[in-house]
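Peer 1:
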Amino acid sequence: MISRYTYRGLAGAGRPVCCLSPHLVLRGRRTVTTTGVPATFDEETDVLVIGSGAGGLTAALRAQSHGLRALVVEKDEAIGGSSAYSGGAMWIPNTHLSQAAGVKDSKEDALKYLEATIGDVGPVSSRERKVAFLENGPRLVEFLEKAGFQWRLGKGGCPDYFPEVSGGSTFGRTLEPKIFDMKKLGSWRSLVRKRPGLPIAAYVTESNSALRSGASWSDFNALLKILLRQALLTLLGQAPSAMGQALVSQLLYLHKQAGTQIQRKTALVDLIMDGSTVVGATVKQEGAQKTIRASRGVLLAAGGFAHNKKLREKWGPSPASVEWTSAPPGDTGDAITAAMKVGAGTALLDDAWWGPTVICPLNGQNVFALTERARPFSIIVDSSGSRFMNEAEPYTDAGHHQYERHQSVKAIPAWLIVDHSFRKRYSIGGLLPLQPDPKNGLASGHLFKADTIQDLARQIDVDPAGLEKTLSRFNKMARAGVDEDFHRGVSAFDKYFGDPNIGPNPSLGPIEKPPFYAARIYPGDLGTKGGLLTDEFARVLRDSDGKPIERLYAAGNTSASVMGRTYSGAGATIAPAMTFSFIAVDHMASRA
16 MISRYTYRGL AGAGRPVCCL SPHLVLRGRR TVTTTGVPAT FDEETDVLVI
66 GSGAGGLTAA LRAQSHGLRA LVVEKDEAIG GSSAYSGGAM WIPNTHLSQA
116 AGVKDSKEDA LKYLEATIGD VGPVSSRERK VAFLENGPRL VEFLEKAGFQ
166 WRLGKGGCPD YFPEVSGGST FGRTLEPKIF DMKKLGSWRS LVRKRPGLPI
216 AAYVTESNSA LRSGASWSDF NALLKILLRQ ALLTLLGQAP SAMGQALVSQ
266 LLYLHKQAGT QIQRKTALVD LIMDGSTVVG ATVKQEGAQK TIRASRGVLL
316 AAGGFAHNKK LREKWGPSPA SVEWTSAPPG DTGDAITAAM KVGAGTALLD
366 DAWWGPTVIC PLNGQNVFAL TERARPFSII VDSSGSRFMN EAEPYTDAGH
416 HQYERHQSVK AIPAWLIVDH SFRKRYSIGG LLPLQPDPKN GLASGHLFKA
466 DTIQDLARQI DVDPAGLEKT LSRFNKMARA GVDEDFHRGV SAFDKYFGDP
516 NIGPNPSLGP IEKPPFYAAR IYPGDLGTKG GLLTDEFARV LRDSDGKPIE
566 RLYAAGNTSA SVMGRTYSGA GATIAPAMTF SFIAVDHMAS RA
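First residue of the sequence shown: 16, per the numbering used here; consecutive thereafter.
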């Protein structure tokens, strides 16, 4: 019989925050709590994994490949964490899949790229950590493929986010999971965290075209292909999933076959120390605490603190909000604070995987504004009506620039301004170009509409004269195809999310055809980026001296990112999470 708390598989028995130093490590005096070792433990395992996102699930699979017992504990009822909400992409250069596709890449080129884009951010992104990621990422991809995971290197994939930089690439470094039939999970299907607003299975690489379905017959056909595939697979009796849903579902399917023990509704309370070594953890399940001994180590892979308002206000930029994040509600920083109690060092606590957020005009949900910012016939302005960034730039940079601008001019929220040419071609949030203007969205203020720019500006409390002046200059530049102010549309990344049917610059188009529309843009995020300071083996380092805390490891958003304050490419959150989880278990296995 399967416990409501424990699931086993069939084989089982049961830059913008300017006040900070560029070196990022936030140190200070902390009270270190040393918990006494209990005479007996309630449970024992070799590898204890806190968190059931892609990183945690990868770690448990790797542990079992080494012949080690693994136990995954998850505080929520659903499995998958932020990974299930994600696009499911993985930024891993120089894999056997890219080599088979004829992509010319190398670890050396990828390292040049990371060194150039990340810059000097101290030990959180040391050369050793970058090399560990680049060497072990391809090993991880092969390991999972041999275990039965199905990858896809789609045609027309996203370029690196700074492809013109030394070592950058325009294709081949981003993988994604193949569409997966969730009915294969049987009763475990209900355990996977559901992604809001994603009823249709679509690949990341085809979504870009489908979301501009009003731009050309080619783009409309991309949407039609997705809809027809969904209908066909459903008629065949499948429950197709894609992106983060497919990533988590495939990993969970492997765990069901392997017999992994996964305890849900089980929250981390404290780490248990024997002197300076972590020997286990105290967890809480249905109101009762229990102790778990971990003979090889504890991996903290429980996400960040995107939904912890107090921590965001304490560590993050202002204004801080939990309303704009795309992370799941359970992302509250429990693992980070537990490790800090035993002396763990931290870094990047003020930063996040910023992703400008628009409110969906149809249902009021947060939507990651990935494509809207780069489409022609659009700009983003502050309350003075002025532009303040290259709207098409990588989303973490856009978040940095929005907070930076807000220090001098009100830019939270900022405003996405578009015209009829945009509206009939491209999506705004979940509103597709073929759908009529939503009455509820207009009435609730999630979308504004006006026949003149002056009227639109008055509705959204933006300076009308400033907005008219901005549009006059922008429209001239758009017709010429050159953004003299912010160089929008120069990078291959900008062009990727633009519209190839528009020239001379696929990311620029004059905003001049009424009616005009506006939507709020908030500095949302995909999760926080700061966390525990770790080394190239994913070992958590002490705040006091930078030495490892024995048998304590961290990965994913529980750890400070190897990517520093930047975002190197599509999948640069999940790939390090899974890779450093893989590395952590290999290190545990190498030590008795």
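Glycine is no exception: its CB is placed at the ideal position from the N, C-alpha and C atoms.
Straight-line CA distance for G433 to R188?
Peer 2: Position 418 of the sequence shown, counted from the start, is the residue given in the question as residue 433. Position 173 of the sequence shown, counted from the start, is the residue given in the question as residue 188. For clarity, residue 433 is Val in the given sequence; the question names Gly instead. Whole-angstrom Cα-Cα distance: 32 Å.
Peer 1: Taking Cβ to Cβ, would you say G8 is nearer than 9 Å to G345?
Peer 2: Any property of residue 8 remains undetermined from this structure, which presents the chain solely from 16 to 607.
Peer 1: With distances taken between CB atoms, is the gap from A507 to G152 smaller than 9 Å?
Peer 2: Walking along the sequence shown from the start, residue 507 turns up at place 492. Walking along the sequence shown from the start, residue 152 turns up at place 137. No.
Peer 1: Alpha carbon to alpha carbon, how far is E89 from L283?
Peer 2: Counted from its first residue, the sequence shown places residue 89 at position 74. Counted from its first residue, the sequence shown places residue 283 at position 268. Rounded to the nearest angstrom, the two C-alpha atoms are 8 Å apart.
Peer 1: Cβ of A296 within 9 Å of Cβ of L548?
Peer 2: For this step, residue 296 is matched to residue 281 along the sequence shown. For this step, residue 548 is matched to residue 533 along the sequence shown. No, they are not a contact pair.
Peer 1: Over the uninterrupted alpha helix (DSSP H) stretch that includes N490, give me the two end residues.
Peer 2: Within the sequence shown, the letter at position 475 stands for residue 490. N490 -> alpha helix (DSSP H) spans P479 to A495.
Peer 1: Below 8 Å on the Cβ atoms is my guess for L315 versus I65; work out the distance and round it to an integer in Å.
Peer 2: Indexing the sequence shown from 1 puts residue 315 at position 300. Indexing the sequence shown from 1 puts residue 65 at position 50. The pair is a contact, with the Cβ atoms about 5 Å apart (cut-off 8 Å).
Peer 1: Does the region 214-224 come into contact with the region 182-200, if we say contact requires no fewer than three beta-carbon pairs (one atom in each stretch) closer than 8 Å?
Peer 2: Result yes; three or more Cβ-Cβ pairs closer than 8 Å.
Peer 1: Helix, strand or coil for R42? Go by DSSP, reduced to three states.
Peer 2: Within the sequence shown, the letter at position 27 stands for residue 42. Residue confidence is low: R42 scores 36 on pLDDT, short of 50, so the model does not pin down where it sits. No coordinate-derived value is stated.
Peer 1: Given G518, which residues of its chain have a CB within under 8 Å of its CB, disregarding the five upstream and five downstream residues?
Peer 2: In the sequence shown, residue 518 corresponds to position 503, counting from 1. Closer than 8 Å at the Cβ level, and outside the excluded window around G518, lie G496.
Peer 1: Counting pairs of beta carbons, one from the region 256-268 and one from the region 94-110, are three or more of them closer than 8 Å?
Peer 2: A contact exists between the region 256-268 and the region 94-110.
Peer 1: Residue range of the beta strand (DSSP E) that N381 falls in?
Peer 2: Numbered from its first residue, the sequence shown carries residue 381 at position 366. Taken as a continuous stretch (DSSP letters only), the beta strand (DSSP E) holding N381 covers N381 to F383.
Peer 1: Name the residue from G201, Q300, Y410 and K528 whose alpha carbon lies nearest to the alpha carbon of D466.
Peer 2: Residue mapping note: residue 466 aligns to position 451 of the sequence shown, counting from 1. Of the candidates G201, Q300, Y410 and K528, the one whose C-alpha sits nearest the C-alpha of D466 is K528.
Peer 1: Rounded to a whole number of angstroms, what is the C-alpha to C-alpha distance between S36 and F148?
Peer 2: Here residue 36 refers to the residue found at position 21 when the sequence shown is read from its first residue. Here residue 148 refers to the residue found at position 133 when the sequence shown is read from its first residue. Because S36 sits at a pLDDT of 32, beneath the cut-off of 50, its placement in the model cannot be relied upon, and the following sentence gives the value as read from the coordinates. Each residue's alpha carbon lies about 25 Å from the other.
Peer 1: Rounding to the nearest angstrom, what Cα-Cα distance links R279 and F531 in this structure?
Peer 2: For the purposes of this step, residue 279 is taken as the residue at position 264 of the sequence shown. For the purposes of this step, residue 531 is taken as the residue at position 516 of the sequence shown. Going from the Cα of R279 to the Cα of F531 covers about 48 Å.
Peer 1: Ordered along the chain, which non-local residues of its own chain (more than five positions away) have a Cβ less than 6 Å from that of H602?
Peer 2: Residue numbering aside, residue 602 sits at position 587 when the sequence shown is read from its first letter. Counting only Cβ-Cβ distances below 6 Å, and skipping sequence neighbours, we find F552.
Peer 1: Distance, Cα to Cα, I94 vs M578?
Peer 2: Position 79 of the sequence shown holds residue 94. Position 563 of the sequence shown holds residue 578. Cα to Cα, I94 sits roughly 26 Å from M578.
Peer 1: Does DSSP put A534 in a helix, in a strand, or in coil?
Peer 2: If you number the sequence shown from 1, residue 534 lands on position 519. Strand, per DSSP.
Peer 1: Under a Cβ-count criterion, where at least 16 other Cβ atoms within 10 Å of its own Cβ denotes burial, should K454 be classed as buried or exposed?
Peer 2: Stepping through the sequence shown from its first residue, residue 454 is reached at position 439. Exposed.
Peer 1: With the cut-off set at 9 Å, would you say R208 and P343 are in Cβ contact?
Peer 2: Here residue 208 refers to the residue found at position 193 when the sequence shown is read from its first residue. Here residue 343 refers to the residue found at position 328 when the sequence shown is read from its first residue. Yes, the Cβ-Cβ distance between R208 and P343 is below 9 Å.
Peer 1: Is P451 helix, strand or coil by DSSP?
Peer 2: As a position in the sequence shown, residue 451 is number 436, starting the count at 1. Here P451 sits in coil by DSSP.
Peer 1: With distances taken between CB atoms, is the gap from E419 to R503 smaller than 9 Å?
Peer 2: For the purposes of this step, residue 419 is taken as residue 404 along the sequence shown, with counting starting at 1. For the purposes of this step, residue 503 is taken as residue 488 along the sequence shown, with counting starting at 1. No, these two residues do not count as a Cβ contact at 9 Å.
Peer 1: Can you tell me whether N405 is buried or exposed? The criterion is at least 16 other CB atoms within 10 Å of its CB, across all chains shown.
Peer 2: On the sequence shown, position 390 is the one that residue 405 refers to. Label assigned to N405: buried.
Peer 1: Do G229 and S393 have their C-beta atoms within less than 9 Å of each other?
Peer 2: Residue mapping note: residue 229 aligns to position 214 of the sequence shown, counting from 1. Residue mapping note: residue 393 aligns to position 378 of the sequence shown, counting from 1. The answer is no: Cβ separation not under 9 Å.
Peer 1: For M288, does the three-state DSSP call read helix, strand or coil?
Peer 2: Sequence index remark: in the sequence shown, residue 288 carries index 273 (1-based). M288 falls in the strand class under three-state DSSP.
Peer 1: G183 by DSSP, collapsed to three states: which one?
Peer 2: The residue labelled residue 183 in the question sits at position 168 within the sequence shown. Coil, per DSSP.
Peer 1: Which residue from W106, K198 and R580 puts its Cα closest to that of A413?
Peer 2: Numbered from its first residue, the sequence shown carries residue 413 at position 398. The option with the nearest alpha carbon to A413 is R580.
Peer 1: Report yes if the CB atom of L541 is closer than 9 Å to the CB atom of W330, and no otherwise.
Peer 2: For this step, residue 541 is matched to residue 526 along the sequence shown. For this step, residue 330 is matched to residue 315 along the sequence shown. No.
Peer 1: Once DSSP output is grouped into helix, strand and coil, what is the label at K305?
Peer 2: If you number the sequence shown from 1, residue 305 lands on position 290. K305 falls in the strand class under three-state DSSP.
Peer 1: Does DSSP classify A93 as helix, strand or coil?
Peer 2: Here residue 93 refers to the residue found at position 78 when the sequence shown is read from its first residue. Looking at A93 - three-state DSSP - the assignment turns out to be coil, as it is neither helix nor strand.
Peer 1: Are W203 and K271 close, meaning C-beta to C-beta below 9 Å?
Peer 2: As a working mapping, residue 203 is identified with position 188 in the sequence shown. As a working mapping, residue 271 is identified with position 256 in the sequence shown. In contact: W203 and K271 (Cβ atoms closer than 9 Å).
Peer 1: In angstroms with no decimal places, state the Cα-to-Cα distance between V47 and G290.
Peer 2: The residue labelled residue 47 in the question sits at position 32 within the sequence shown. The residue labelled residue 290 in the question sits at position 275 within the sequence shown. The predicted model places V47 with a pLDDT of 47, which falls under 50 and marks its position as unreliable; any figure quoted below should be read in that light. If I take the Cα positions, the gap works out to 12 Å.
Peer 1: Going straight from the alpha carbon of F383 to that of L129, what length do you get?
Peer 2: What you label residue 383 is simply residue 368 of the sequence shown in a count that begins at 1. What you label residue 129 is simply residue 114 of the sequence shown in a count that begins at 1. Taking the straight line from one Cα to the other gives about 25 Å.
Peer 1: Using only the alpha-carbon positions, how far apart do R42 and S559 sit?
Peer 2: Here residue 42 refers to the residue found at position 27 when the sequence shown is read from its first residue. Here residue 559 refers to the residue found at position 544 when the sequence shown is read from its first residue. Any answer about R42 is weak, because its pLDDT of 36 lies below 50 and its placement is not dependable; what the coordinates show is given next. Roughly 8 Å between the two C-alpha positions.
Peer 1: Starting from G71, trace the alpha helix (DSSP H) both ways and give me its first and last residue.
Peer 2: Counted from its first residue, the sequence shown places residue 71 at position 56. That run of the alpha helix (DSSP H) goes A69 to S80.
Peer 1: Can you give me the start and stop residues for the alpha helix (DSSP H) that V156 sits inside?
Peer 2: As a position in the sequence shown, residue 156 is number 141, starting the count at 1. Start and end: R142 to A162.
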